[in-house]
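Same order as they appear, the protein sequences are chains A and B. Counted from 1, the first sequence has number 418 at position 407 by this note's numbering; the numbering is strictly sequential. Counted from 1, the second sequence has number 99 at position 90 by this note's numbering; the numbering is strictly sequential.
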Amino acid sequence: MARTLLDKVWDAHTVRTLPSGQTQLLIGLHLIHEVTTPQAFQMLRDSKLKVRMPERTFGTLDHIIPTTDQARPYADPLAEEMAVHMIRNMKDFSLPLFDMSTGKQGIVHVIGPELGLSQPGMTIACGDSHTSTHGAVGAIAFGIGTTQVRDVLATQCLSMAKPKLRQVRVDGALAKGVYAKDVILAIINQLGVKGGVGYAYEYAGPVIDRMTMEERLTVCNMSIEGAARFGYVNPDTTTIDYLRGRQYAPAGAAFDKAAAWWKSVATEPGASFDDVARLDGSAIEPMVTWGINPGMSVGVSQRIPAPESAPEADRSTFREALAHMSFQAGQPIKGAKIDVAFVGSCTNGRLSDLRIAAEVAKKGKVAKGVRALIVPGSQQVARAAEAEGLHDTFQAAGFEWRKAGCSMCLGMNPDQLVGREMSASSSNRNFIGRQGSPTGRTLLMSPAMVAAAAITGAVADVREILK
Amino acid sequence: MSTVDFKRRQITGRGIPLPGNDIDTDRIIPARFLKEVTFTTMGEHAFEDAKKQNPEHPFNSPVHKGASVLVVGQNFGCGSSREHAPQALMRWGIAAIVGGSFGEIFFGNCVMLGIPCLRASQEDLEWLQRELSRSPQSPVMVDVEKQEVRFGSRTIKATIPDGPRNQLVGGTWDSTAVLLEAGAAIETTARKLPYVAGW
Numbered sequence: 012m013a014r015t016l017l018d019k020v021w022d023a024h025t026v027r028t029l030p031s032g033q034t035q036l037l038i039g040l041h042l043i044h045e046v047t048t049p050q051a052f053q054m055l056r057d058s059k060l061k062v063r064m065p066e067r068t069f070g071t072l073d074h075i076i077p078t079t080d081q082a083r084p085y086a087d088p089l090a091e092e093m094a095v096h097m098i099r100n101m102k103d104f105s106l107p108l109f110d111m112s113t114g115k116q117g118i119v120h121v122i123g124p125e126l127g128l129s130q131p132g133m134t135i136a137c138g139d140s141h142t143s144t145h146g147a148v149g150a151i152a153f154g155i156g157t158t159q160v161r162d163v164l165a166t167q168c169l170s171m172a173k174p175k176l177r178q179v180r181v182d183g184a185l186a187k188g189v190y191a192k193d194v195i196l197a198i199i200n201q202l203g204v205k206g207g208v209g210y211a212y213e214y215a216g217p218v219i220d221r222m223t224m225e226e227r228l229t230v231c232n233m234s235i236e237g238a239a240r241f242g243y244v245n246p247d248t249t250t251i252d253y254l255r256g257r258q259y260a261p262a263g264a265a266f267d268k269a270a271a272w273w274k275s276v277a278t279e280p281g282a283s284f285d286d287v288a289r290l291d292g293s294a295i296e297p298m299v300t301w302g303i304n305p306g307m308s309v310g311v312s313q314r315i316p317a318p319e320s321a322p323e324a325d326r327s328t329f330r331e332a333l334a335h336m337s338f339q340a341g342q343p344i345k346g347a348k349i350d351v352a353f354v355g356s357c358t359n360g361r362l363s364d365l366r367i368a369a370e371v372a373k374k375g376k377v378a379k380g381v382r383a384l385i386v387p388g389s390q391q392v393a394r395a396a397e398a399e400g401l402h403d404t405f406q407a408a409g410f411e412w413r414k415a416g417c418s419m420c421l422g423m424n425p426d427q428l429v430g431r432e433m434s435a436s437s438s439n440r441n442f443i444g445r446q447g448s449p450t451g452r453t454l455l456m457s458p459a460m461v462a463a464a465a466i467t468g469a470v471a472d473v474r475e476i477l478k
Numbered sequence: 010m011s012t013v014d015f016k017r018r019q020i021t022g023r024g025i026p027l028p029g030n031d032i033d034t035d036r037i038i039p040a041r042f043l044k045e046v047t048f049t050t051m052g053e054h055a056f057e058d059a060k061k062q063n064p065e066h067p068f069n070s071p072v073h074k075g076a077s078v079l080v081v082g083q084n085f086g087c088g089s090s091r092e093h094a095p096q097a098l099m100r101w102g103i104a105a106i107v108g109g110s111f112g113e114i115f116f117g118n119c120v121m122l123g124i125p126c127l128r129a130s131q132e133d134l135e136w137l138q139r140e141l142s143r144s145p146q147s148p149v150m151v152d153v154e155k156q157e158v159r160f161g162s163r164t165i166k167a168t169i170p171d172g173p174r175n176q177l178v179g180g181t182w183d184s185t186a187v188l189l190e191a192g193a194a195i196e197t198t199a200r201k202l203p204y205v206a207g208w
């Protein structure tokens with residue numbers, strides 16, 4: 012019987028079936044950051060346990076670090092304490108840490124693929140829900156909690172249940188001005204923010220096949236926003252070309268052997284799925300969220316829907332969203348005024364994202380009263396962007412050029428919304444309070460759309476600017 | 010502590026209703042409270058912003074103080090993987106959750122802390138939330154083993170997948186010891202993987 016990538020990777024990493032009926036799953040790559048791990052290391056110390064396979068865990072600093080002055084000690088004593096603990100834990104347990112001095116620091120989901128750590132056929136876990144990002148290279152990659160981080164450190168395993176598999180096919184071709192971010196926002200809008208409960212997503216179809224690796228990373232990143240704990244794209248020549256030459260990827264003859272194995276883990280023709288969903292990629296327009304979860308989105312030419320258009324059980328959330336955002340049902344999303352523009356995050360903080368945003372930034376200047384931040388996802392992304400002069404383009408247009416970190420995606424570092432500010436953001440979550448202010452408001456969109464909003468001062472249709 | 014203490018067959022306590030769908034972990038505990046290297050203070054911040062914004066929030070209500078069974082809607086705990094969210098609820102006093110569906114990372118984190126999350130029908134949840142608002146002092150019994158919830162004279166069906174149920178009922182949810190029992194099979198599995206063994 013034809014097997015899926017999920018079947019093959021799951022079976023290859025199954026240590027045994029536990030008495031509970033769960034699978035004891037081996038984790039091939041464990042990535043960690045400073046926020047969700049200090050308690051796990053303390054649990055190890057309390058239980059006098061060692062790290063089982065120290066060569067399979069890598070760490071970085073991303074969530075709490077400032078993106079302006081990164082000199083230690085950090086101005087925020089709580090952030091400084093977290094950094095101190097992370098550095099000490101990595102040292103005490105002999106684990107590699109990509110800190111600022113390495114030149115390879117960055118958001119954990121940007122550096123994993125960038126360094127070639129994340130490879131096809133692996134199981135990858137990290138104490139961060141956006142670990143689903145790494146599925147883009149053809150891995151089974153999912154977020155875990157801190158106690159599970161302890162388990163991976165101590166046993167290199169997790170107790171897991173195999174999910175059902177839904178293939179999400181995106182047919183047709185994307186129009187100009189429509190990007191990977193719009194595709195995943197459209198998928199979540201169609202399948203719902205709870206649609207993926209119990210499922211993993213296999214993204215397929217001509218639109219996905221044609222995507223670059225960075226675009227696939229954006230799509231897989233937001234699997235969890237549709238409730239799928241992980242999503243993946245089958246490895247193909249795009250995957251292999253992307254990994255060639257990366258620091259932790261095999262080299263020489265080993266690379267060819269690896270490439271053959273990577274291809275062999277892809278879903279076989281004729282494999283069956285528990286469910287198949289289809290989208291017409293040609294019909295997707297630039298997407299903008301108007302509400303308080305990533306499923307509440309519309310095309311930029313559309314109007315904000317009325318609560319009555321939603322299933323009855325969701326109407327109270329709709330009304331809450333309209334109240335929080337100060338939007339009226341029936342109002343066009345285009346023209347909604349913004350105060351802040353943010354390009355960055357594990358969703359859209361890669362070089363191609365910055366290139367697109369820079370192309371739009373060339374068409375104007377940041378509108379008066381708008382604070383606009385460009386935050387590269389890693390030090391390597393920052394260097395590559397600077398080598399192309401993108402930072403000059405941004406600064407000339409009035410954008411701030413920052414250092415690598417999670418920045419304004421979540422309210423854990425100095426980059427936060429203030430009061431009821433409205434943010435056009437290339438990040439992944441528009442939850443109430445997500446960007447640091449309990450009353451702050453977030454509109455999720457592609458980096459191109461963020462740059463368009465920055466120079467317009469309001470939600471704009473980037474297709475008109477790029478004409 | 011004997012393993013008996015870990016068994017989560019039945020949990021009885023007063024209930025607290027929290028209506029609404031898609032309540033995310035940022036809402037349960039905003040990120041700014043995650044800047045801690047322990048979980049000890051998390052209980053103080055459960056729903057902190059939501060409580061400030063809504064005086065009627067059930068976690069503000071004195072009648073629900075001391076409740077241990079949380080009754081929620083659909084997709085509760087979606088979003089961030091932060092274990093700080095179930096830690097905050099647990100340290101506030103929650104020992105079991107009944108809802109329509111759960112964010113999967115949140116669900117897994119709850120299992121790791123010995124907090125059963127059971128799924129009930131929308132109709133039954135609405136009934137239970139109504140009853141709990143009316144009679145906040147009456148006990149709710151969450152029977153993990155039998156997969157049902159009892160309140161007053163009525164019993165509703167509430168399910169949890171076999172794997173987690175076996176872990177919770179059997180007291181093996183604190184999984185490190187169970188995983189370590191695999192012994193050398195862990196390394197044997199690893200060595201069969203070409204990316205571990207070498208290309």
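We put the CB at the ideal spot given by N, CA and C, even for glycine. These numbers were taken from a predicted model, which means no experiment stands behind them.
| Query | Result |
| --- | --- |
| DSSP bridge partner residues for M97 (chain A) (one or two, in chain order) | None, per the DSSP bridge assignment. |
| Residue span of the alpha helix (DSSP H) that contains E225 (chain A), given as start and end | 224 to 232 |
| Residue span of the alpha helix (DSSP H) that contains M64 (chain A), given as start and end | Per DSSP, M64 (chain A) belongs to no alpha helix (DSSP H) and is neither H nor E. |
| Contacts around Q201 (chain A), its chain only, beta-carbon distance under 8 Å, and the 5 residues preceding and following it disregarded | A288, L290 |
| Chain E within 8 Å of L122 (chain B), Cβ atoms only | Protein chains A and B are contained in the structure displayed, whereas chain E is not. |
| Nearest-angstrom Cα separation, counted from T185 (chain B) out to R14 (chain A) | 31 Å |
| Contact residues within the stretch 13 to 46 of chain B, judged by C-beta distance below 7 Å to chain A | G29, N30, D31, D33, D35, R36, P39, A40, R41, L43, K44, V46 |
| Three-state class that DSSP yields for G88 (chain B) in the structure shown | coil |
| In DSSP terms, what T25 (chain A) is bridged to | A:L36 |
| Cut-off 8 Å between Cβ atoms - residues of its own chain near L477 (chain A), not counting five sequence neighbours on either side | K187, G188, E370, V371, K374, A459 |
| P71 (chain B), enclosing beta strand (DSSP E) - first and last residue | No beta strand (DSSP E) contains P71 (chain B), which DSSP labels as neither H nor E. |
| Beta-carbon separation (whole angstroms), A270 (chain A) vs I349 (chain A), contact threshold 8 Å | Going by Cβ atoms, the distance from A270 (chain A) to I349 (chain A) rounds to 44 Å, so no, they are not a contact pair. |
| Cβ-based contacts, 9 Å cut-off: residues of the stretch 423 to 452 of chain A near chain B | M423, Q427, R440, F442, I443, G444, R445, G447, P449, T450 |
| Same chain, Cβ closer than 6 Å to Y212 (chain A), neighbours up to 5 away in sequence not counted | R177, V179, S234, A239, G242 |
| Enclosing beta strand (DSSP E) for G172 (chain B) [first to last residue] | Premise fails: G172 (chain B) lies in the alpha helix (DSSP H), 171 to 179, not in any beta strand (DSSP E). |
| Whole-angstrom distance between R361 (chain A) and A197 (chain A), CA atom to CA atom | 21 Å |
| Contacting residues, own chain, Cβ-Cβ under 8 Å from L384 (chain A) (five flanking each side not counted) | T78, V351, A352, F353, V354, G355, F410, E411, R413, S418, M419, D426 |
| T166 (chain A) vs I195 (chain B) beta-carbon contact at 8 Å | yes |
| Proximal residues to K205 (chain A) (C-beta, below 8 Å), its chain only, five neighbours per side dropped | A238 |
| Cβ-based burial, N63 (chain B) [other Cβ within 10 Å; buried from 16] | exposed |
| Any chain A beta carbon closer than 8 Å to A105 (chain B) | no |
| For V392 (chain A), the first and last residue of its enclosing alpha helix (DSSP H) | 390 to 398 |
| Span separating the alpha-carbon of M10 (chain B) from that of G180 (chain B) | No answer about M10 (chain B) holds up, because its pLDDT of 41 lies below 50 and its placement is not dependable. |
| Residues of the stretch 78 to 96 of chain B whose Cβ lies closer than 7 Å to any Cβ of chain A, in chain order | Q83, N84, C87, G88, S89, S90, R91, E92 |
| Pick from A:M298, A:L228, A:C357, A:N245 that is closest to S438 (chain A), judged by C-alpha positions | A:C357 |
| Collapsed DSSP secondary structure at Y253 (chain A) in the structure displayed | helix |
| Contacting positions in the stretch 289 to 316 of chain A - beta carbon closer than 9 Å to chain B | I303, N304, G306 |
| Member of A:M64, A:F338, A:M101, A:P107 whose CA lies at the smallest distance from the CA of L163 (chain A) | The residue asked about is misnamed: residue 163 (chain A) is Val in this sequence, not Leu. The shortest C-alpha separation from V163 (chain A) is found at A:M64. |
| Below-8 Å beta-carbon distance, D73 (chain A) vs any chain B residue | no |
| Residues that F111 (chain B) bridges to, as DSSP identifies them | B:F85 |
| Option nearest I466 (chain A) by Cα separation, candidates A:R431, A:P449, A:A407, A:G447 | A:A407 |
| Run of the beta strand (DSSP E) containing E157 (chain B), from where it starts to where it stops | 157 to 160 |
| Cβ neighbour criterion (16 or more within 10 Å) applied to S130 (chain B) | exposed |
| Contacts around H44 (chain A), its chain only, beta-carbon distance under 8 Å, and the 5 residues preceding and following it disregarded | G70, T71, L72, D73, H74, M97, V119, C137, G138, D139 |
| Residues that K374 (chain A) bridges to, as DSSP identifies them | K374 (chain A) is not bridged to any residue. |
| Whole-angstrom C-beta distance between T68 (chain A) and I41 (chain A), which should lie under 8 Å | First, the residue type needs correcting, since residue 41 (chain A) is His and not Ile in the sequence shown. The Cβ separation is near 4 Å, so the contact holds. |
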